[in-house]
Amino acid sequence: MARFSILSDWLTWLESSHSTAIDLGLDRVYEVACRLQLLQPKTPISLDYSGALSINNTQVITVAGTNGKGSCVATLEQYLMAQYCSVGTYTSPHFHHYCERIQIDGKPVSEKEVCAAFAAVDDACGEISLTYFEFGTLAALWIFVQHQLPFVVLEVGLGGRLDAVNIVDADIAIVTAIAVDHEEWLGNDREQIAIEKLGISRVSKPVVIAETELTQSLQSFCQSHHPVYCIKREFMVNLESSSTWFWCPEKGKLAFELPVPILPLTSVAAALQALYISQRLPDEALIKLILRKLQLTGRYEQYQYQQRQLIFDVAHNPAAAKLLAQRLQQSQSVKGNKTVAVFAVMADKDFGLMLDYLTESIDRWYLGGLDMERAATVDRVSEWLIERQQPVTRLNTLDSAFDMALSETLEHDRIVIFGSFFTVAAIQQYLGSGLQI
Numbered sequence: 001m002a003r004f005s006i007l008s009d010w011l012t013w014l015e016s017s018h019s020t021a022i023d024l025g026l027d028r029v030y031e032v033a034c035r036l037q038l039l040q041p042k043t044p045i046s047l048d049y050s051g052a053l054s055i056n057n058t059q060v061i062t063v064a065g066t067n068g069k070g071s072c073v074a075t076l077e078q079y080l081m082a083q084y085c086s087v088g089t090y091t092s093p094h095f096h097h098y099c100e101r102i103q104i105d106g107k108p109v110s111e112k113e114v115c116a117a118f119a120a121v122d123d124a125c126g127e128i129s130l131t132y133f134e135f136g137t138l139a140a141l142w143i144f145v146q147h148q149l150p151f152v153v154l155e156v157g158l159g160g161r162l163d164a165v166n167i168v169d170a171d172i173a174i175v176t177a178i179a180v181d182h183e184e185w186l187g188n189d190r191e192q193i194a195i196e197k198l199g200i201s202r203v204s205k206p207v208v209i210a211e212t213e214l215t216q217s218l219q220s221f222c223q224s225h226h227p228v229y230c231i232k233r234e235f236m237v238n239l240e241s242s243s244t245w246f247w248c249p250e251k252g253k254l255a256f257e258l259p260v261p262i263l264p265l266t267s268v269a270a271a272l273q274a275l276y277i278s279q280r281l282p283d284e285a286l287i288k289l290i291l292r293k294l295q296l297t298g299r300y301e302q303y304q305y306q307q308r309q310l311i312f313d314v315a316h317n318p319a320a321a322k323l324l325a326q327r328l329q330q331s332q333s334v335k336g337n338k339t340v341a342v343f344a345v346m347a348d349k350d351f352g353l354m355l356d357y358l359t360e361s362i363d364r365w366y367l368g369g370l371d372m373e374r375a376a377t378v379d380r381v382s383e384w385l386i387e388r389q390q391p392v393t394r395l396n397t398l399d400s401a402f403d404m405a406l407s408e409t410l411e412h413d414r415i416v417i418f419g420s421f422f423t424v425a426a427i428q429q430y431l432g433s434g435l436q437i
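When the count follows the numbering used here, it moves up by one through the sequence shown with no breaks and lands on 437 for the last residue.
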């Protein structure tokens, strides 16, 4: 009999069932995957603790990167669906409901199906303890195997080499971007972090790299691995204007002239390159159609609310904050209108550097607390901003911070909500159905 029958009960149990929230390594999760028969027998390209997914004739694309993973996954998913290909995607974290993490053809699977997957994983665990993420990863793989999907796209949770999704041998690996984040687990510089990200690659399998500033380890990898497709080397991206860019998938080939998407350009280009080398492209008209509609929760997501422009962005590290600042500058509001921020961030992030990038773009900061241990306190963030003579309004909660920002702005002003996935999710949940595109 299953341990629980309700998803919320499963999730509550999972939050405390393992001794630590993060426990990198493949041995435990690989063993349970084998018990569930989720993996095929090892091949010469497999790692010590990996194998091909137990689906005949499927193609698995694994996406790693400090930022831009979700945007890359969304691009892959939308194009494959437009070609009437069935595709499963596994991403994290979720915004409002756990089932968002596991989707088939763009729709979250049901709570009933997740509960069935959790029960199967639980039965297979026996004496093995898994983290919340490892347990969820196996549940997603179990669901995909049940559906025998022809395409599966897996987003790495943390790093790559030792992340739970890396028990599956990727047919194509994508590395979107490399920046300093999660130093406790991945290393203190881009060199070490790059090595962790590249750990999702397999011998003789294609790797797409969308990082524009190559570390020494990336350069060495590009020289030794085959086949590899590195941006600015094997494929080219050129931003022609604010509305047009060119993507050239091969040197000497005709470039595609495409509309600029809302999502990060290099992540979108990496997805297109992966589709190109898997022989799913080109269909230029279809690409253009998809890019014009492409959007993703919390990625420079824009709404109108009480005549203000709301911009939701999950920027939660310096590299993402820098990109957000660039986008705000490029889309300057009407002269005389204000841009204010509602901000909350996790304590383990370099929020000082994050805010450094945004100080010239933000006219006033509204700080509110997040009800979680990981969050940086309002006092700590406020102190940093005051030292730099930034206008700050401090509130106890994020909801009240948003309300104050709303009351102190005028029609057509911009309110930017950012700092973490939790920040975006909290305000979107607070506003509910009142948001309009």
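Where a beta carbon is used, it is the ideal one built from N, C-alpha and C, also for glycine.
Since the structure is predicted, the reported quantities are computational estimates derived from the model, not experimental observations.
Reduced DSSP category for residue i - H, G, I as helix; E, B as strand; rest coil
i	result
residue 372	coil
residue 173	strand
residue 133	helix
residue 213	coil
residue 402	helix
residue 506	Nothing in the structure corresponds to residue 506, since the chain is present only between 1 and 437.
residue 167	helix
residue 108	strand
residue 379	helix
residue 423	helix
residue 298	coil
residue 49	coil
residue 162	coil
Same chain only: Cβ atoms within 6 Å of residue i, ignoring 5 sequence neighbours per side
i	result
residue 154	62, 90, 165
residue 139	117, 118, 121
residue 175	64, 65, 197, 209
Delimiting residues of the alpha helix (DSSP H) encompassing residue i
i	result
residue 75	69-82
residue 193	190-198
residue 32	27-35
residue 272	265-277
residue 353	351-358
residue 292	284-293
residue 7	7-17
Whole-number beta carbon distance between residue j and residue i, since they are thought to touch under 8 Å
i	j	result
residue 158	residue 29	Residue 158 to residue 29, Cβ: 13 Å. No contact.
residue 409	residue 340	6 Å
residue 173	residue 207	5 Å
residue 167	residue 50	5 Å
residue 156	residue 163	5 Å
Proximity winner among the options, relative to residue i (alpha-carbon distances)
i	options	result
residue 372	360, 395, 347	347
residue 316	357, 337, 278	357
residue 15	147, 196, 132	132
residue 77	290, 141, 168, 204	290
residue 302	277, 262, 281, 275	262
residue 268	79, 37, 26, 137	79
residue 170	218, 64, 110, 107	64
residue 395	31, 378, 124	378
residue 53	145, 113, 32, 22	145
residue 38	418, 380, 156, 143	143
residue 190	13, 202, 1, 211	211
residue 23	75, 323, 161, 4	161
residue 414	363, 274, 125	363
residue 311	418, 230, 241, 126	418
residue 13	47, 221, 136, 416	136
residue 195	203, 204, 205, 220	220
residue 75	306, 433, 294, 404	294
residue 370	43, 397, 3	397
residue 307	32, 60, 407	407
Where the beta strand (DSSP E) through residue i begins and ends
i	result
residue 228	228-230
residue 88	87-90
residue 127	Note, residue 127: premise wrong, no beta strand (DSSP E); not H, not E.
residue 305	301-305
residue 258	256-259
residue 155	151-155
residue 236	236-239
residue 59	59-64
residue 395	392-397
residue 330	Here residue 330 belongs to no beta strand (DSSP E); instead the alpha helix (DSSP H) covers 318-330.
residue 246	244-248
Cβ-based neighbour list, residue i, same chain, cut-off 8 Å, excluding 5 preceding and 5 following
i	result
residue 149	55, 58, 86, 87, 88, 104
residue 400	368
residue 287	79, 256, 258, 272, 281
residue 81	87, 105, 106
residue 323	67, 264, 315
residue 338	363, 364, 409, 410, 413, 414
7 Å Cβ shell around residue i - same chain, five flanking residues per side excluded
i	result
residue 425	95, 96
residue 359	388, 390
residue 392	365, 367, 382, 385, 386
residue 111	7, 99
residue 71	263, 264, 267, 268, 296, 299
residue 405	340, 342, 366, 415
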